[in-house]
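Each protein sequence line maps, in turn, to chains A and B. Terminal number for the first sequence in this note's numbering: 1316, no gaps in between. Terminal number for the second sequence in this note's numbering: 1316, no gaps in between. All residues carry an ideal CB built from backbone N, CA and C; glycine is no exception. Notes for the one structure printed next.
Number of protein chains: 2
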Amino acid sequence: MATLEEQAINTLRFLSADGVQKANSGHPGLPMGTAAIAYTIWTRHLKFDPHNPGWWDRDRFILSGGHGSMLLYSLLHLTGFDVSMDDLMNFRQLGYKTPGHPEFGFTPGVEATTGPLGQGLSNGVGMATAEAMLAKQYNRADAELFDHHIYGIVTDGDLMEGVSSEAASLAGHLKLGKIIYCYDDNRITIDGSTELSFTEDRGKRFESYGWQVLFVEDGNDVEAIDAAIAKAKMDERPSLIICRTHIGFGLPTRQDTSKAHGEPPGLEELNGAKVKLGWPAEPVFYIPESVRELYTGVGEKGHQAWKEWKETTESYARSYPDQWDELENRMEKRYPVNWEAQLPVFATDEKGMATRSASGQVLNALTNVFPQIAGGSADLTPSNNTWIKNSSAFQADNHGGKYLHFGVREHAMGAIVNGMAYHGGFIPFGATFLVFTDYMRGAIRLSALSHLHTIWVMTHDSIGLGEDGPTHQPVEHLASLRAIPNLVVIRPADANETAEAWRVAINRKHGPTLIALTRQAVPTYDRNKYAKSRQLEKGGYVLADLGEGEPEIILMASGSEVSLVMAAGQRMADEGVSVRVVSFPSWELFNSTTPEYRNSVLPAATTKRLAVEMGVSQGWEKWIGDEGVIISMDTFGASAPYKQLMEKFGFTVENIYSIAIKLLNKKR
Amino acid sequence: MATLEEQAINTLRFLSADGVQKANSGHPGLPMGTAAIAYTIWTRHLKFDPHNPGWWDRDRFILSGGHGSMLLYSLLHLTGFDVSMDDLMNFRQLGYKTPGHPEFGFTPGVEATTGPLGQGLSNGVGMATAEAMLAKQYNRADAELFDHHIYGIVTDGDLMEGVSSEAASLAGHLKLGKIIYCYDDNRITIDGSTELSFTEDRGKRFESYGWQVLFVEDGNDVEAIDAAIAKAKMDERPSLIICRTHIGFGLPTRQDTSKAHGEPPGLEELNGAKVKLGWPAEPVFYIPESVRELYTGVGEKGHQAWKEWKETTESYARSYPDQWDELENRMEKRYPVNWEAQLPVFATDEKGMATRSASGQVLNALTNVFPQIAGGSADLTPSNNTWIKNSSAFQADNHGGKYLHFGVREHAMGAIVNGMAYHGGFIPFGATFLVFTDYMRGAIRLSALSHLHTIWVMTHDSIGLGEDGPTHQPVEHLASLRAIPNLVVIRPADANETAEAWRVAINRKHGPTLIALTRQAVPTYDRNKYAKSRQLEKGGYVLADLGEGEPEIILMASGSEVSLVMAAGQRMADEGVSVRVVSFPSWELFNSTTPEYRNSVLPAATTKRLAVEMGVSQGWEKWIGDEGVIISMDTFGASAPYKQLMEKFGFTVENIYSIAIKLLNKKR
């Protein structure tokens, strides 16, 4: 007779396998192999309340191998989250809360969107960073508001991905001891045995990062897992618990083979497993009453814990009203009323400044009003201008710091920043050169898919960076980032547009914003003479109508090229042509305005349109129309002083002027 | 009095520093810190011939920290490569061979384009793989054609990047003992001390991967470096030699600081270093005569070695004429005359097959004629259909295998495949899901920038993959890849177009090709009734003119959506509308045809145009014009069976038909 515990574990196994079998799609192997690990974490350690999935001080549980999603959905259902039996029975179907891979914001209790391997493991590093920062800043001896762990189940694939190497190295450096990951060491990947490609000494590797590494010889041994987790909690280092598991545990012929990984087992194999583990073949989605009670009890116990914490917050609020106010505001994404007054205003200046410099000033002004702004650079702090002057570097011995030295680890930076956003209480940012968004697209995409409030600060945004040459010069990057749904890309034209870009980014609470900034100086426009920079929020706006009457031609550009079209336009106006100059910092923002507004900026009647951008032309056709012309950069750049490059590639006032005149004189 | 050796090392230091100072841009720190390492490798170990930079059996030298490029250029100049003093004196200037970061194909003797960190280190794993494969296949007991090492100077940044963790783990697994990397352990990064973010135990980490790790306590100690390299050569494992160095060695105030890394030292600091190291301040770019002789001698010794090797090849050619023929052809990129006859022809089939399946068949047919095809998948072999049936997996104990199990390591896969292409003798390929190109863009971009003949096989190319959901469904990826200059992206519509896509990829010898393939079945068209699939090479072509007379409307699509526009078009034609159906698999190929051809496919007169693609609309405006309409996928997808998704997102014959009719009836 199976014990209640065994039944509770088998319930996870077979709810998951039944879900996959019914959907005729999915991954039974991970849930069947790690059910005992999940059981141990969730019933003996995890602090959570199904009625308050947003509890600030809950432990976070990350299923980094997101393909095993049915395991998580089963846990959520059983412990009382708003995930129904109907959802389980409609795994991977439209309109249910149980998509193929867990999606943050879509299913209550899902802490991170996982599936792309390595991300969840790395997000946890950001969550642990967030926990440490909040604990340091707000906990008081008589009222501890933050003290939670980051649990995870991580897989072979997670460990193989480079992003997790980067993140784990940083986690070890920062001694983020709240991280406790159980590694599903099943020795099988899609291609077959891990002997084919993954024979490194994983334990030794994580030790080299400064982790505590523990071993559980039998991944079904609840007591051993429990003991290891207890030991992990005692250590100041992050912990990796290597659990020897068996993929598809119980399946008669598929256990320990790659066939168990990613396809429905088939009824015969599934029922064979049920027989083997003493489980009834029918009903499917079977939950013994005692098992239901067990998990419900765990959920209710968690709810009690939440109530106690709630009482703590009340006494905290009485004792420390200012801190409480500040904390509540940041956790609930409420802003000080007059925060926008803190945005610097930059004086008109022909010589101007690099927008990366302006960005540094704006960021530092904002950190005075927003304690929740934290982040850093992938080892380009002086170049990205992201140092937070009123703070210090977050380190193992300085949890009060807000600045993160990510090291040369762009992808982990992305995932860690996302993790801080998942955690809550932060407006996190990450910075590098625009060209190296290529190294972190996996994370940028997930920030967009998960509606995270993250800010990506990307400097050196064109061939304008000069001598470093084509390896460092972004050309296709604006286009490739604009292509990502739900990511707002802004390339400000001057210092004041840069301040406005930050305003947009701060106000965009449910999606990421990427700000592309120059290395080189650009003029700061006279906003009394030209349009107000506030108009940046519309994505595209009439910076100036030069000359008299309706515009005969529209010159449009983003970022540093605005100064070029402005000068070319002025020259044409001096010659009697009526020229409209449009500053076009963000396609996404422009697209979100009304058709009327868009037509007011780009009137259908004005078909002579010239766009100028030091990136690939792709997509500009939409704005210039059939008669329009684009001066773009459709090849890789070159290594030389930037003014020579701009000359070589046609980004000069002279060239723009001459092409514009040709366009103007061209017969329809 | 400095020894000749010291002078030879200081020559490297000060040529580099003078170059940076003159350019007023660049990175003096690495060359000054690692000059002795470079000297030791180049004068005591590296097998090379400046007169034959393409020598098949040369050792490869990779400066993975590409920012230290002046070091490499100095070495190339001194040893007799075609890099002149004028080039050195015009570092980072237009028209010279000395760009900011080393560029393959641009400067003789540069083995890999480096600068984006981690890439060079990982490229070397591909080079070592290539060496092992060629040695196994062609070496004979009496005639060894391949026996060379892969040397590299790798940096903190290289080690921090995830791509190098992935690649190093695989190199250890594969026991690629020809790899000998000297690690510039200078303990300084741009943000400051490595204590800020990089305190892992690097030696232990590389040991965990299965590397031999050696230590050199003084990075200026030529004998110690020499001994370590000698030891590395004796070991069957790849070796990491950790050399304690000093960034900007010699600079009076900047040595061992981040100020030494990436900016000109200034004359005072530079001359201070010269005084300190006993070097004349003038002339700048000073090369003592004896030093010049020394390096020239090394180059000439290398030339002698090449001559001996050349003799071996002659005896080899006599003894093994067939093998020699085959080898010479592959090294020189010459193909068998009738190879294209091997391309499978797929029979008309309404039900059809997934293009990934067709691709698997084509690949396997090609491996029968091309011994140089080698590659693999990032642990998605059964899904990508890339297994090479007539071969086996390349492993430490099986260098005869051509298939690479990369593990779940997309970025390293990209860099390793690039490394094989850099090496020569291969048409290498790498495969994963299209969505995970995000994880390897750094490498894909470099394949394009370096004009490498690599083939990227990307399956599961749309929401057509179904239940795995938005984390796995590419939406923005076609657009973002099309944006990369010099990358040809092809999305074939059926099995026969897939064969043609491979034909293009094989024939495109100086640039990468990415083939996007479906998970789901698509019809195989009747090529007697419709246009020949060979037309794929033009990128876009008239698949069918349905109905009578000039087309009233053009329906265009790529990949799996071609079958939808075909059916919608047929329905309109049945109702008497004259419809042109354009299969549009590749924008880049279409762009490379003549304007006349393009106008013949998309006549200016036909302004009613509808494009259909399950990706973002970005860029399609160019082809549809102001009156056109796009049915696209501008949001993330969802998790459900794929037919439901296609319904939900409007990719049905019914929806296309109705939008097309509306477009047709719309007044201008």
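- Note that the segment 808-816 of chain A touches the segment 1056-1069 of chain A; at least 3 beta-carbon pairs, one per stretch, sit closer than 8 Å.
- If the five residues before and after B:E1115 are omitted, its C-beta is found closer than 6 Å to the C-beta atoms of S1287, all from its own chain and listed in chain order.
- Counting only residues of its own chain and dropping the five nearest sequence neighbours on each side, A:V1213 has a CB closer than 8 Å to the CB of L1203, M1204, A1205, V1229, L1258, V1260 and I1304.
- Taken through DSSP and simplified to helix, strand or coil, A:M680 comes out as helix.
- Short of 8 Å from the beta carbon of A:L1191, and not among the five residues preceding or following it, lie these beta carbons of its own chain, in chain order: A1141, Y1173, Y1178, A1179, V1210, M1214, V1229, V1230 and S1231.
- Contact holds between the segment 1293-1311 of chain A and the segment 1108-1124 of chain A, because three or more Cβ pairs, one in each stretch, are under 8 Å apart.
- Here A:V1170 is buried: its Cβ has 16 or more other Cβ atoms, across all protein chains shown, within 10 Å.
- Nearest neighbour of B:T842 by Cα position, chosen from B:L782, B:N700 and B:S906, turns out to be B:S906.
- With respect to the 8 Å criterion, A:R892 and A:G851 are not classified as neighbours on the basis of their beta carbons.
- Neighbourhood of A:I828 in chain B, by CB distance below 7 Å: empty, with the nearest CB roughly 20 Å away.
- For secondary structure counted as the beta strand (DSSP E) over 3 or more consecutive residues, the segment 1174-1217 of chain A holds these complete runs in sequence order: 1189-1194 and 1201-1205.
- Looking only at B:S845, B:I1092 and B:V864, the smallest Cα-Cα distance to A:Y857 is reached by B:S845.
- Legend: CB atoms of the segment 1060-1089 of chain B lying less than 8 Å from CB atoms of chain A belong to residues A1060, V1083, F1084, D1086, Y1087 and R1089.
- DSSP places B:W704 in the coil class of the three-state scheme, outside both helix and strand.
- Looking only at B:T901, B:L1165, B:E948 and B:D1045, the smallest Cα-Cα distance to B:S1031 is reached by B:L1165.
- By the criterion of a C-beta distance shorter than 8 Å, B:E1236 is surrounded in its chain by R1130, L1135, V1136, V1137 and G1187, once the five residues flanking it on both sides are discounted.
- Its Cα nearest to that of A:R1089, the residue A:S1128 stands out among A:S1128, A:I1307 and A:G1263.
- DSSP places A:M775 inside the alpha helix (DSSP H), whose first and last residues are Q767 to Y786.
- Apart from the 5 residues on each side of it in sequence, A:K823 sits with its Cβ closer than 8 Å to the Cβ of G858, E884, R885, P886 and A1044 in its chain, given in chain order.
- Nearest CB-CB separation between A:K852 and chain B: below the 8 Å threshold.
- Nearest to A:T1034 by alpha-carbon distance, out of A:F1018, A:F1077 and A:I1064, is A:F1077.
- Remark: C-beta atoms of B:L660 and B:S722 approach each other more closely than 8 Å.
- Taking the Cα positions, B:K745 is about 40 Å away from A:I1064.
- If you ignore the 5 residues before and after B:A1069, its C-beta comes within less than 6 Å of the C-beta of P1076, L1100, H1101 and T1102, all in its own chain and listed in chain order.
- Closest by C-alpha distance to A:A921, out of A:D666, A:T651 and A:L1312, is A:D666.
- Listed along chain B is no residue with a C-beta nearer than 7 Å to that of A:S1095; the closest approach is about 12 Å.
- Between B:L1184 and B:E1145 the beta-carbon gap is near 5 Å, inside 8 Å, which marks them as a contact.
- Of all alpha-carbon atoms in A:I935, A:F709 and A:N1016, the one lying nearest the alpha-carbon of A:A989 is that of A:N1016.
- The Cβ-Cβ distance between A:M718 and A:S664 falls below 8 Å.
- For B:G1024, there is no enclosing alpha helix (DSSP H); the enclosing beta strand (DSSP E) covers residues I1021 to S1025.
- Residue-level contact check: B:S1234 does not touch chain A, since none of the beta carbons of chain A fall below 8 Å from its beta carbon.
- Secondary structure note for B:I1111: it is in no alpha helix (DSSP H), with a DSSP letter that is neither H nor E.
- B:V1227 is positioned such that its CB atom lies no closer than 8 Å to that of B:L1250.
- Runs of the beta strand (DSSP E) spanning 3 or more residues and lying entirely within the segment 1264-1312 of chain B occur at 1277-1279, in chain order.
- Cβ neighbours of A:H675 within its own chain (closer than 7 Å, five residues either side excluded): V668, H715, G716, H909 and G910.
- Separation of the CB atoms of B:T837 and A:D1027 is rounded to 5 Å, and the pair is thereby assigned contact status at 8 Å.
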